[in-house]
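When the letters of the sequence shown are read in order and numbered with mature numbering (1 follows the signal peptide of the UniProt record, and there is no 0), they come out as residues -18 to -1, 1 to 482.
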Amino acid sequence: MWLYNLIVLSAIVALGAADGDDEFANYTVTNRRFPDDFRFGVATAAHQIEGAWNLDGKGPQIWDTFFHEHPEKVDDGSNGDVATDSYHLYKEDIRCMNEVGVVFYRFSLAWSRILPDGTLNNINQAGIDYYKNIFKELKAKGIRSFVTIYHWDIPTALQEKGGWLNPEVVDWYVAYAKFCFETFGEYVDNWITINEPKQICHAGYGLGVYAPGVVSNGIGEYVCARHVLLAHAKAWRLWDEKYRPIFHTETTIVLDSDWYEPATYSESDAIAAETKRQFIFGMYANPIIHGNWPKVMIDNIAEFSKKQGFNESRLPAFSNEEIELIKGTYDNLAINHYTTYMVKSIPEPTYEVSFDADSGVATYQKDTWETAAIDWFKVVPWGMGKLLRWLKHTYGDQVFLISENGVSDRTGTLRDQHRIDYIKNYLSHLLDAIYDGGVNVKAYTLWSIIDNFEWTQGFNGKLGIYYVNQSDPSLPRIPKDSSKYYANVIKTKCLVDECV
Ligand code: BGC
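Right under this line is the structure:
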């Protein structure tokens, strides 16, 4: 009997412990080459690099205001007023890109640099000229432009009217996007309407840890999400009907997703992990692909809202016309991916009014995972492969782009072997997903070309492959070892010394 018990017990332990860590315990980096048409790029965002926060007519946006009013919200007490001064040093950034040999540069336009109060009543020619100069410089260096219209920085003047919580934001955003299509259409190779709605709404209008700092967990963030999706969809339709035939470019939205791995092989943990994925990624992907929120969100939030005494679901519904409007508004699925979480089912939901409670599951990360510059940022390369396979399984044969991936440290060391390992291992799992999983991934974007202003971490989160010395007023860009590694990957299409 004891032998039987031992066998059962070992089976349970083995099953309970089996996850990506076990599956890939003896993993070796692939020596297969990237397909010929695979493209490599780098990314930044306006507030994180431009600086010149009030120069040449730029209006304030929510991050300027948030950090000026709440310096305590930034880890190192810094702010984005100067950042890496790419307003003046953009040619330096492009020189670095050229050195690395990237095919494209993903960067964002600052709404309030172009339209200082957010509306067409006030157009800032200096802002337009700034971006045109960047486009020209990129063209001169043969680098394609991948342009994000909105990377989290709504003008303060619009935030004073409610920002992403005001239904009028849909029209404000579409007017701005139309202006961008018309003004910059001829220079842009790929458009992105909006970067990471989850961070905009959950961190900005739910938890309130990001600008504009609105705390409305499980309520405001859903209103925000609805508006972001409508704004994206209307802009995409406008571009599709009016500008696609002229410029023949592609447009999409960028969604972020961590990987959510079931804590055990139990059915309940598998369901819990899938629920979490739907709350994190499906919340935005499902409307864009199928027209509506994921069913598990509609059901959970309706049930919880009722129990909590709300007259209607905290998740605002889409009308049939809205569903038709949103459905299909993408050309490819662009994903930002950095880390992984484990997911466990819980016996009874907590019924708090919050986004996390609405998913009704528990998440955690393992202490054994290497940590980057901030606690939640664990290095888990196999999460990349699992996420990509799940995306294909769930959303079918789409064209996928990795629009951000990279790792932070606090020092900006030039000898950044940990970053080389991160890039190599994450890309290796990406390649396996292409060759073994049949996932159609066409591009990879490294965040970031230079160390920059990492939002609430300030300059304590450095993700660049070029170091920027913040104590030298000329803010020189200095190559790290990882820039040479990435350059070699781009050149050879190979992650290791020799490929087959
Ligand atoms: C954002 C970037 C940010 C990066 C690294 C992404 O969520 O789009 O702006 O710097 O993550 O944390």
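Beta carbons: idealized from backbone N, C-alpha and C, even for Gly.
Residue span of the alpha helix (DSSP H) that contains residue i, given as start and end
| i | result |
| --- | --- |
| Glu334 | From DSSP, Glu334 is part of no alpha helix (DSSP H); its letter is neither H nor E. |
| Val278 | 277 to 289 |
| Val152 | 151 to 166 |
| Thr257 | 249 to 259 |
| Ser198 | It is not in any alpha helix (DSSP H) - Ser198 carries neither H nor E in the DSSP assignment. |
| Phe48 | 44 to 51 |
| Ser94 | 93 to 96 |
| Glu5 | 2 to 5 |
| Pro269 | 265 to 272 |
| Glu81 | 68 to 82 |
Where the beta strand (DSSP E) containing residue i begins and where it ends
| i | result |
| --- | --- |
| Leu428 | 423 to 429 |
| Val450 | 448 to 450 |
| Phe128 | 126 to 132 |
| Gly23 | 21 to 25 |
Residue i - DSSP class collapsed to helix/strand/coil
| i | result |
| --- | --- |
| Glu203 | helix |
| Pro298 | coil |
| Lys406 | helix |
| Val236 | strand |
| Asp379 | coil |
| Val325 | strand |
| Gln347 | coil |
| Glu480 | coil |
| Ala(-8) | With a pLDDT of only 41 at Ala(-8), under 50, the local geometry of the prediction cannot be trusted, and the value read off the model is given with reservation. It is helical. |
| Ile416 | helix |
| Ile432 | strand |
| Pro137 | strand |
| Leu189 | coil |
| Val471 | helix |
| Trp437 | helix |
| Gly367 | helix |
| Trp218 | helix |
| Leu396 | coil |
| residue 501 | This structure leaves residue 501 out entirely; the chain is present only between -18 and 482. |
| Pro179 | helix |
Cβ neighbour criterion (16 or more within 10 Å) applied to residue i
| i | result |
| --- | --- |
| Leu(-10) | Note that Leu(-10) has pLDDT 41, beneath the 50 cutoff, so the model's placement of it is unreliable and the number below is only indicative. So Leu(-10) ends up on the exposed side. |
| Val362 | buried |
| Ser127 | buried |
| Tyr(-15) | In this prediction, Tyr(-15) scores a pLDDT of 43, lower than 50, which makes its location untrustworthy; no coordinate-derived value is stated. |
| Thr332 | exposed |
| Ser301 | exposed |
| Ile405 | buried |
| Leu369 | buried |
| Asp4 | exposed |
| Lys374 | buried |
| Asp240 | buried |
| Asp238 | buried |
| Pro42 | buried |
| Leu393 | Residue identity differs from the one stated: residue 393 is Thr in this sequence, not Leu. Thr393 is exposed by the Cβ-count criterion. |
| Gln260 | buried |
| Asp433 | buried |
For residue i, the nearest candidate out of the options (CA to CA)
| i | options | result |
| --- | --- | --- |
| residue 496 | Tyr408, Phe286, Tyr242, Ile472 | Here the chain covers residues -18 to 482 and nothing more, so residue 496 does not appear. |
| Thr321 | Asp313, Phe359, Glu306 | Phe359 |
| Leu97 | Lys40, Lys114, Asp57, Phe89 | Lys40 |
| Thr47 | Glu223, Ile136, Lys180, Ser90 | Ile136 |
| Asp470 | Asn80, Phe6, Trp35, Tyr113 | The sequence shown places Asn at residue 470, rather than the Asp named in the question. When each option's Cα is compared against that of Asn470, the closest is Asn80. |
| Cys162 | Lys462, Ile105, Leu120, Gln290 | Ile105 |
| Gly378 | Ile44, Asn422, Tyr323 | Asn422 |
| Ser327 | Ile253, Gln141, Gln347, Leu396 | Ile253 |
| Lys473 | Gly2, Phe20, Gly446 | Phe20 |
| Val170 | Ala245, Asp67, Ser90 | Ser90 |
| Cys397 | Asp463, Phe441, Gln347 | Going by the sequence as given, residue 397 is Arg instead of Cys. Among Asp463, Phe441, Gln347, the Cα nearest to that of Arg397 belongs to Asp463. |
| Ala27 | Asp454, Asn442, Lys466, Thr427 | Thr427 |
| Trp45 | Ala185, Asp479, Pro244, Arg208 | Ala185 |
Counterpart residues of residue i in DSSP-defined beta bridges
| i | result |
| --- | --- |
| Ile228 | Answer is none; Ile228 lacks a bridge partner. |
| Trp173 | Val129, Thr233 |
| Leu373 | The partner list for Leu373 (beta bridge, DSSP) is empty, contrary to what the question assumes. |
| Arg88 | Ala25, Phe128 |
| Lys444 | Asp391 |
| Trp241 | Thr322 |
| Arg459 | Val450 |
| Gln107 | Gln107 is not bridged to any residue. |
| Glu352 | Val361 |
| Leu315 | Phe382 |
Residue i beta carbon near the ligand ADP (any heavy atom closer than 7 angstroms)
| i | result |
| --- | --- |
| Trp241 | In the structure shown, the ligand ADP is absent; the only ligands present are the ligand BGC. |
Within-8 angstroms CB hit, residue i to chain B
| i | result |
| --- | --- |
| Leu37 | Checking the listed chains, one finds no chain B in this structure; it contains a single protein chain. |
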